[in-house]
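Colleague: Numbered continuously in this note's numbering, the sequence shown closes out at residue 257.
A virtual CB, placed ideally from N, CA and C, is assigned to each residue, including glycine.
I am attaching a structure below and will ask some questions about it afterwards.
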Amino acid sequence: MAKRLPVLSRENGFQQEYMPILLDAVKQFRAGLNATFHSIYLNGSVARRDAVWGKSDVNFTLVVKKKLQSSEESALSAITWRLSQHYPHVTKVTIKVVVLEDVLGLAGIFEWGVWLKHCSVCLNGDDLASRFGHFEISWDIARTLNGDIKAQLADYRHKIMKTKVTENYLDYCEYIGKKMIWSAYCLVLHRKQQWELDINKAADVFLDLFPEHLMDIERSFILASRTQVPKKAAIFLMDQFGGWIGDEYDKINRRIG
């Protein structure tokens, strides 16, 4: 029997040290977008209340009423930069933007329904999580949340090969390292029926079924930690471990559909 996904608490307060940036972010994003703003959500370790001061990112999802104009995108980038500069104990501020129509459309039920209902906490605005019922763990959810891993690997392989800027290279490695770990976890989610939002615990769930890939996971964590490794090593891991993950997704799709 499929297991119902848990919901992040909306009643308990967040870790006190993060309250200033959360309040500031809501204020700035609302003001910066004005009438285009619909709602803003908190994700990641701060939403789970297990963030580590000085080591954790602060992650937001912003729902907007219509596609942003270039001036609004610039405003968001400026706000994100200001927040990261003003709160130096936050390692990074990230924001994911989605249009309201995409959230409420039929095609967005699994992707955005699960994300807002089970991976987010609404900070301000009309809480769209209330529009969705509870979801159960399934291959459809795992596949939808993960997206097209082969396309992302190909995209980031190209970016890594092309870039000559160290900071950009580390950004790409961090992203693809985390992506491979989460993708590996999504491979086994429907089998293990164990929902995790912490990347370390997610890796453990995967390794419980595929212990032979311990070294691949360890190397993925090295990329995710922004440790600079030779491009050749990063590309090799993406081709070998990432390629294996992509092939496994194809096998499950053929078997389950």
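(1) When you compare the CB of ASP247 with every CB in chain D, is at least one pair closer than 8 Å?
(2) If you compare alpha carbons, which of ILE79, LEU8, ILE21 and LYS92 is closest to TYR175?
(3) Can you tell which of ARG131, HIS38, ASP239 and ASN59 has the C-alpha that lies nearest to the C-alpha of ASP155?
(4) Out of GLY32, LEU76, GLU218 and ASN59, state which residue places its alpha-carbon closest to the alpha-carbon of TYR41.
(5) Taking its Cβ as the centre, do 16 or more other Cβ atoms sit within 10 Å of ILE245, making it buried, or is it exposed?
(6) Entirely within the segment 31 to 107 and at least 4 residues each: give me those alpha helix (DSSP H) ranges in chain order.
(7) Is the segment 34 to 50 close to the segment 58 to 75, with three or more CB pairs under 8 Å?
(8) Would you tell me roughly how many angstroms separate the C-alpha atoms of PRO211 and LEU145, rounded to the nearest one?
(9) Expressed to the nearest angstrom, what Euclidean distance is found between the alpha-carbon atoms of VAL114 and PHE241?
(10) For the beta strand (DSSP E) containing VAL121, list its first residue and its last residue.
(11) On the DSSP letters alone, give me the boundaries of the alpha helix (DSSP H) that ASN146 sits inside.
(12) Take LEU209 as the anchor and find which of ILE199, CYS186 and SER220 has the nearest alpha-carbon.
(13) Can you tell me whether ARG4 is helix, strand or coil according to DSSP?
(14) With DSSP as the reference, label GLU218 as helix, strand or coil.
(15) Quick one: what's got a C-beta closer than 6 Å to GLU111's C-beta in the same chain, skipping five residues either side?
(16) Report the rounded CA-to-CA distance for ASP50 versus ALA202, giving the unit in angstroms.
(17) Taking the straight line between their C-alpha atoms, what separation do you get for ASP127 and ALA142?
(18) Counting beta carbon pairs with one atom in the segment 95 to 104 and one in the segment 7 to 20, are three or more of them shorter than 8 Å?
(19) What's the gap between the Cα of ALA234 and the Cα of GLN85?
(20) Please classify GLU136: does DSSP put it in a helix, a strand, or coil?
(21) Quick one: what's got a C-beta closer than 8 Å to VAL205's C-beta in the same chain, skipping five residues either side?
(22) Going by alpha carbons, who is nearest to LYS231 out of SER56, GLY44 and VAL165?
(23) Which residue wins for smallest C-alpha separation from TRP53, given the options GLU17, ARG226 and THR163?
Modeller: Short version:
(1) The structure shown contains no chain D, having only a single protein chain.
(2) LYS92
(3) ASP239
(4) ASN59
(5) buried
(6) 44 to 48, 70 to 86 and 100 to 104
(7) yes
(8) 23 Å
(9) 27 Å
(10) 121 to 125
(11) 139 to 146
(12) CYS186
(13) strand
(14) helix
(15) THR144
(16) 15 Å
(17) 23 Å
(18) no
(19) 29 Å
(20) strand
(21) TYR185, VAL188, LEU189, LYS192, GLN194 and GLU196
(22) VAL165
(23) GLU17
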